[in-house]
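Engineer: Provided herewith is a single structure, encoded as structure tokens, for subsequent inquiry.
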Amino acid sequence: MCGRYALYAPGRRIREHFRLEDELDLEPRYNIAPGTHVLVVREDSDGRRRAGLCRWGLIPRWAKDPSIGSKLINARAETVVAKPAFRAALRRSRCILPASGFYEWKIVVESGRTLKQPFFIRPHKDDELFGFAGLAECWVSPEGEIIDTCCILTTEANALVKPIHDRMPVILAPGDYDFWLDPGIQEPEALRPLLAPCPPEQLEAYPVSPKVNSPRNDAPELLAPASM
DNA sequence: CCAGACGTTGTT
DNA sequence: GTCTGG
DNA sequence: CCAGACGTTGTT
DNA sequence: GTCTGG
């Protein structure tokens with residue numbers, strides 16, 4: 001799955017990679033957790049790519065209780081087409097979440113004790129960026145409060161991630177960004193081929209300190225390789 | 001038909 | 001144990 | 001994902 | 001809003 005990630009690339013790099021119209025000024029983040037505001041790339045009505053912020057945790061339009069958002073942080077690519085909670089967003093409101101890397105926890109049973117060892121998974125190529133496939137939805141509370149929300153699609157783990165965890169985020173090929181964001185594509189089955197696990201050669205993984213467990217710890221040292 | 005859920009992950 | 005918040 | 005709270009009443 | 005279960 002994808003329940004924690006990082007985005008520390010300079011705004012200039014993010015802009016280049018995602019071909020954004022506007023300047024970006026972002027603080028680097030090493031520990032992005034659900035429930036917080038995250039950067040999303042969308043296509044506006046003029047076909048231009050725009051960056052925005054959404055709360056991570058999708059709240060469907062029809063929800064009366066926004067706390068459902070804390071459960072809808074991921075959508076399974078294999079079943080997303082059929083799920084009422086994601087159906088509308090998949091048709092009309094796809095987005096991409098820029099990332100410098102993501103965390104997965106490996107369950108390690110050692111002398112009878114169960115430990116969860118966090119790993120950081122990043123592009124194998126230095127300075128590269130990930131674009132996670134995402135869905136967005138705008139929720140309006142009964143009092144009229146507007147909340148932009150999003151979630152991240154997940155898929156089966158590829159060969160590199162599998163020893164750590166059996167799920168991983170959908171990492172789009174840059175050549176697929178346009179198609180994924182195109183609001184004209186309303187036939188969800190046409191999007192299927194984009195949602196495969198990315199090639200393992202594009203990734204590298206290494207263990208990091210359990211300091212990352214604490215969602216409020218956002219220090220750059222979280223990226224430091226740790227021994228297991 | 002209406003009522004009630006609508007999700008993923010991991011663990012048992 | 002289970003839900004909420006970050 | 002993990003961490004941390006999880007409740008009501010009455011009083012300040 | 002839309003699907004599932006009764």
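Numbering (UniProt numbering), first residue to last: 1 to 228. Built from N, CA and C at the ideal position, the CB exists for glycine as well.
Helix, strand or coil for W180 per DSSP?
Structural biologist: In the first sequence, counting from the first residue as 1, residue 180 sits at position 180. Looking at W180 - three-state DSSP - the assignment turns out to be helix.
Engineer: Please work out which residues of its chain come closer than 7 Å, Cβ to Cβ, to F119, disregarding the five sequence neighbours upstream and downstream, and give them in chain order.
Structural biologist: As a first step, residue 119 is located in the first sequence; it is residue number 119 there, counting from the start. Result list for F119: Y103, E104, K106, I164, A205, Y206, P207 and V208, in chain order.
Engineer: A89 and L26 look like a contact to me (Cβ under 8 Å); what is the Cβ gap, rounded to whole Å?
Structural biologist: What you label residue 89 is simply residue 89 of the first sequence in a count that begins at 1. What you label residue 26 is simply residue 26 of the first sequence in a count that begins at 1. Contact doesn't hold; Cβ gap of about 24 Å is too wide.
Engineer: Taking the straight line between their C-alpha atoms, what separation do you get for A85 and P60?
Structural biologist: If you number the first sequence from 1, residue 85 lands on position 85. If you number the first sequence from 1, residue 60 lands on position 60. Using only the alpha carbons, I get a separation of about 6 Å.
Engineer: Quick one, which of S227, D218 and C138 has its alpha-carbon nearest L58's?
Structural biologist: The sequence position of residue 58 within the first sequence is 58, counting from 1. Comparing Cα positions, the closest option is C138.
Engineer: Between which two residues does the beta strand (DSSP E) harbouring R152 extend?
Structural biologist: The residue labelled residue 152 in the question sits at position 152 within the first sequence. Residue identity differs from the one stated: residue 152 is Ile in this sequence, not Arg. Looking at the DSSP string, the run of the beta strand (DSSP E) that includes I152 is I146 to E156.
Engineer: Given that a residue counts as buried once 16 or more other Cβ atoms are within 10 Å of its Cβ, and exposed if not, what is I96?
Structural biologist: Working through the first sequence from its first residue, we reach residue 96 at position 96. Buried, by the Cβ-count rule.
Engineer: Please look up how many angstroms separate the CB atoms of F130 and I73, rounded, as I've assumed it's under 8 Å.
Structural biologist: For this step, residue 130 is matched to residue 130 along the first sequence. For this step, residue 73 is matched to residue 73 along the first sequence. Actually they are not in contact, since the Cβ atoms of F130 and I73 sit about 17 Å apart, beyond 8 Å.
Engineer: Given this structure, state the Cα-to-Cα distance separating V140 from P28, to the nearest angstrom.
Structural biologist: Against the first sequence, residue 140 aligns to sequence position 140. Against the first sequence, residue 28 aligns to sequence position 28. So the alpha carbons of these two residues sit roughly 29 Å apart.
Engineer: Measuring alpha carbon to alpha carbon, tell me which residue in V80, A99, F179 and A63 is nearest D127.
Structural biologist: Residue numbering aside, residue 127 sits at position 127 when the first sequence is read from its first letter. The shortest C-alpha separation from D127 is found at A99.
Engineer: Quick one: what's got a C-beta closer than 8 Å to L194's C-beta in the same chain, skipping five residues either side?
Structural biologist: Here residue 194 corresponds to residue number 194 of the first sequence, with the count starting at 1. Here the set comprises A133, V170, L172, A173, D176, F179 and W180.
Engineer: Residues in the same chain with beta-carbon distance under 7 Å from V80, minus the five sequence neighbours each way, listed in chain order, please.
Structural biologist: Position 80 of the first sequence, counted from the start, is the residue given in the question as residue 80. Excluding positions up to five away in sequence, the list reads F86, L90 and L153.
Engineer: Compute the beta-carbon to beta-carbon distance between A157 and D166, rounded to the nearest angstrom, for a pair I have assumed lies under 8 Å.
Structural biologist: To locate residue 157, count along the first sequence from 1; it is residue 157. To locate residue 166, count along the first sequence from 1; it is residue 166. The Cβ separation is near 5 Å, so the contact holds.
Engineer: Look at the alpha carbon of M1 and the alpha carbon of Q117, and state the distance between them as a whole number of angstroms.
Structural biologist: Taking the first sequence and counting its residues from 1, one reaches residue 1 at position 1. Taking the first sequence and counting its residues from 1, one reaches residue 117 at position 117. Roughly 15 Å between the two C-alpha positions.
Engineer: Spell out the partners DSSP gives H17 in its beta bridges.
Structural biologist: Taking the first sequence and counting its residues from 1, one reaches residue 17 at position 17. According to DSSP, H17 bridges with nothing at all.
Engineer: Buried or exposed: W56, going by 16 or more other Cβ atoms within 10 Å of its Cβ?
Structural biologist: Sequence index remark: in the first sequence, residue 56 carries index 56 (1-based). Buried is the call here.
Engineer: Cβ atoms of L7 and R15: under 8 Å apart, would you say?
Structural biologist: Here residue 15 is taken as the residue at index 15 of the first sequence, counted from 1. Here residue 7 is taken as the residue at index 7 of the first sequence, counted from 1. No, Cβ-Cβ distance for R15 and L7 is not below 8 Å.
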